[in-house]
Structures are given as C-alpha cells and as structure tokens.
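Throughout, my numbering is defined as the position within the sequence shown, counted from one, plus 35. The block underneath contains the structure these notes are about, expressed in structure tokens.
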Amino acid sequence: MNAKLSFYCAVAAIALIANDLNAAADRLPATPTPAQIYSTEGLLYLQLGQWPQALASYRKALAEFRAADDLMGLGQTCCQLGVMMLQQNRYERARRWAEIALYSFTKVGRTDDNSSLVRIHYAAALHLLGTVNFHQGHYALAVKQFEKVLAIRYELHDQMGEALVMADLGRAYQAQAKYWYALACYEGALDICQPLEAALEGGWFEAKVRCLMARLCRACGHQDLAIKHHLEALALGAELGSSISP
C-alpha cells in the first residue's frame, strides 16, 4: 500500500474509534460547561492534527471535569487523549489514558441509568486499549479485548463499530498465524462495510481490508486469491485517486 493510502486508512481507523466521542460532542447542551467546551475544542484540534493545541485544551478540560467530579466527561477526554497518543505512536501513554477512561466508565456504569451510552464509551476505550496491545505485540490480549468490544457493538446494533473491530481482530489473529480466524474476520468486515461505504470514508476502509486479505492469502500460499483481492484494492485505489503496491 502506498504512503497516501496507508495514511488515509490509519486516519479512517482512528476516526472510527473516536466516532462515539464525536457523537458525544454533537449532544452538547445549549449552554455547555467550560469543561465541555475545552474538551470539544481539543477534539477539533485533534481532528486537524494540531496536537500541541489539542493537548492544551484537554488539560484544561481534565482540570474542570475533575473539579466537578464528572467521571463521564473525564473518561471521554482521557479516551480522546489516548487516540492522540496512538496517532503519535506513543503507546505507553495511549495505554495510560485508555486505562483511566475504562476505570472512569466502569465507575459511571455502576450508578448511571443510561447504560447504553456508558457501554458505547466503554467499548471505544477498550478498542483503543486493544489497538495499543496489538501495536506492542500483545496479540492474545488484543484478541480478548477486541472480542469483548465486538460483543458490545453487536448488542448495541452498531454496524460501523463492528466492521472496524472485526478488521482489527483479523489483524490480531493473522499476527498469531491463525489464518482461518483472520479470514473469517476480514470477510465479516467486508460484508458489513460495503453497505456503509459513505460512513466508512468512501472506499478507504474496504481497500484496507482487501489489502489485508491479499497479504493473508499470500501467507497461506493462495496466490490466486491474493491477486484477486489485490486487484480489487487497486480498483478502489483508482477510484480514490491513489495507487496501491503489493
């Protein structure tokens, strides 16, 4: 995959992890608190790739949320900080923020009646932690976390979240040479993502999964299937104005 396509696929994946956080920002009250304003400002800077400005806004938000003992807001902000650290390949810091977010959402879940909303954010934080473990080579642990996220996303009827976690689950299985499991995950991700093309960054997500499947098929010695998936990824790349290398 060339540098441009690889970059956009990474951005699409991280954006999907943060999708629930964006939705939370959309649900701000008519008169948001200073903490909510700082957190939303940080999210906007994060999406623009302006990390120093995002960090400054998040620090202000954290201070406000802690002062108000707002565990939900604290967890959301920690999760966004974890996504930012993941973008910078700072995995230990991403892990720290993801774990704090999970702790916050777990405490909220014990008292908050809106359990679906809490579970949405818990799933996002756990997916982030699983992604960190994958990048650090803790594949078996990543599989357990991705499977738990998948179960939550399925129960919540979140197809976009299912597609993303199935692709990541496939990568974790593939890294352990569990190729049939990986293939089943990739095929499941494709089945879900194709009707959701607009929400999944056009064809970028499908191109990513096709490339993963091509690599998997080559590892298994199925060159014909590898060529098939690679050609389909090439076609998607051509539609998106990019080229793809094996």
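Backbone N, C-alpha and C define an ideal beta-carbon position, used for all residues, glycine too.
Which value, in whole angstroms, describes the spacing of the CA atoms of residue i and residue j?
i	j	result
L247	P69	43 Å
G205	A219	8 Å
R188	F181	10 Å
K183	M201	11 Å
E267	E134	38 Å
P230	A217	21 Å
A103	L121	28 Å
D203	A261	19 Å
Q71	Q211	41 Å
Are the beta-carbon atoms belonging to residue i and residue j less than 9 Å from one another?
i	j	result
Y73	K95	yes
G4	S92	Since the displayed the chain opens at 36 and closes at 281, residue 4 lies outside it and no answer follows.
A177	G165	yes
A129	L163	yes
List the endpoints of the continuous alpha helix (DSSP H) containing residue i.
i	result
L121	L106 to Q122
T75	P69 to Q82
A249	W239 to A254
For residue i, which residues of its own chain have a beta-carbon under 6 Å away from its beta-carbon, when the five flanking residues on both sides are left out?
i	result
I227	Q194, E197 and A198
A270	none
G144	V153
Which same chain residues end up closer than 7 Å to residue i when comparing Cβ atoms and leaving out the 5 residues on each side of it in sequence?
i	result
A98	none
A48	At A48 the pLDDT is 48, less than 50, meaning the model places this residue with poor confidence and gives no usable figure here.
L161	L137, Q180, K183 and V184
L225	E241 and V244
Between residue i and the rest of its own chain, which residues show a CB-CB distance below 8 Å, the 5 nearest in sequence each way excluded?
i	result
L191	S151, R154, I155 and A158
F42	Any answer about F42 is weak, because its pLDDT of 40 lies below 50 and its placement is not dependable; what the coordinates show is given next. Counting only Cβ-Cβ distances below 8 Å, and skipping sequence neighbours, we find nothing.
Y214	Y208, L251, A254 and C255
R101	L109
So, is the C-beta of residue i closer than 9 Å to a C-beta in chain B?
i	result
R94	Given the protein chain composition of this structure (a single chain), no chain B is represented.
- Message: I'd like the ranges of any alpha helix (DSSP H) spanning at least 4 consecutive residues and lying wholly in the stretch 135-217.
- Response: Counting only runs of 4 or more, we get 150-170, 174-190 and 194-210.
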